[in-house]
Amino acid sequence: MNTLSLGYFVFISVEFVIYLILIWRDSYKKPYFIFSVVGLLLVPFVTLGNEQDFCMRASIPMLFLLMVYVLDYLLNNIDGRKKKGLPIKAKALPLVFCLMIGAVTPFVEYRATFNQTIISVENGTSMYADKFGTLSNEGMNKDNFVTINSSDTFFYKYIAKGGR
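Numbers 11 to 174, taken from this note's numbering, label the letters of the sequence shown in order.
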């Protein structure tokens, strides 16, 4: 297995395949489920610009659909009338465990942002958004959202030609 395919496999596994495996049996016949799965499998291969911005932005609607199916799975496996023990069925516990692990990252990011804000206030520096939104990050690639020779692009010549 080459580096690209290993990287792709790790990426999709961490991003959504774990959840997909856990909810597949209850969700594969639902509308848009297969659409979102196929889209999430294909979108990493599309690159526009210098970075993976297309992958990040185009996958949001499909990840949202997957989130809806995960919530549906959880809600269908909760018994709120249960008096003793866990109100959730045993088959949903692996999904709950994965969601708890996934929830660690946002908390770490909140903490890092809070600490960085405190440090910038104490040092008298500011984290302002310049016209590129770099927040004073000098190493940021500012050309990622700039199209060189835009009038020569396929989009400008054939899709946006009505605007000329």
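No residue lacks a Cβ here, since even glycine has one placed at the ideal position from N, Cα and C.
Tell me whether residue 98 sits in a helix, a strand or coil according to DSSP, three-state version. Residue 98 carries a strand assignment under DSSP once its states are collapsed to helix, strand and coil.
Taking DSSP as the reference, what is the three-state secondary structure of residue 158? DSSP places residue 158 in coil when its eight states are reduced to three.
Using the rule of at least 16 other Cβ atoms within 10 Å of the residue's Cβ for burial, across every protein chain shown, is residue 80 buried or exposed? Looking at its Cβ environment, which holds 16 or more other Cβ atoms inside 10 Å, residue 80 is buried.
Thinking residue 69 and residue 96 are a contact (beta carbons under 8 angstroms), I'd like their distance in whole angstroms, please. Not a contact, Cβ separation roughly 32 angstroms.
Using DSSP bridges, identify the partner residues of residue 88. DSSP links residue 88 through a beta bridge to 98.
Flag this pair as yes or no: are the beta carbons of residue 47 and residue 65 separated by less than 8 angstroms? No. Outside cutoff.
Distance, residue 167 Cα to residue 124 Cα: Their Cα atoms are separated by approximately 46 angstroms.
Which term fits residue 33, buried or exposed, when burial requires 16 or more other beta carbons within 10 angstroms of its beta carbon? Label assigned to residue 33: buried.
Run the CB neighbour count on residue 77, radius 10 Å, all protein chains shown included, and call it buried at 16 or more, exposed below. Under this definition residue 77 is an exposed residue.
Taking the alpha helix (DSSP H) that residue 133 belongs to, which residues open and close that run? Where residue 133 is concerned, the enclosing alpha helix (DSSP H) stretches over 114–133.
Which of the three DSSP states is assigned to residue 56 in this structure? The answer is coil: DSSP assigns residue 56 none of H, G, I, E or B.
Nearest by alpha-carbon distance to residue 25: which of 117, 160 and 109 is it? Closest option to residue 25, judged by alpha-carbon separation, among 117, 160 and 109: 109.
What residue does the alpha helix (DSSP H) around residue 166 start on, and which one ends it? Neither: residue 166 is in no alpha helix (DSSP H) and is coded neither H nor E.
Tell me the rounded alpha-carbon separation between residue 27 and residue 37. Counting only the Cα atoms, residue 37 lies some 13 angstroms from residue 27.
By DSSP, does residue 41 sit in helix, in strand, or in coil? Residue state, collapsed to three classes: coil.
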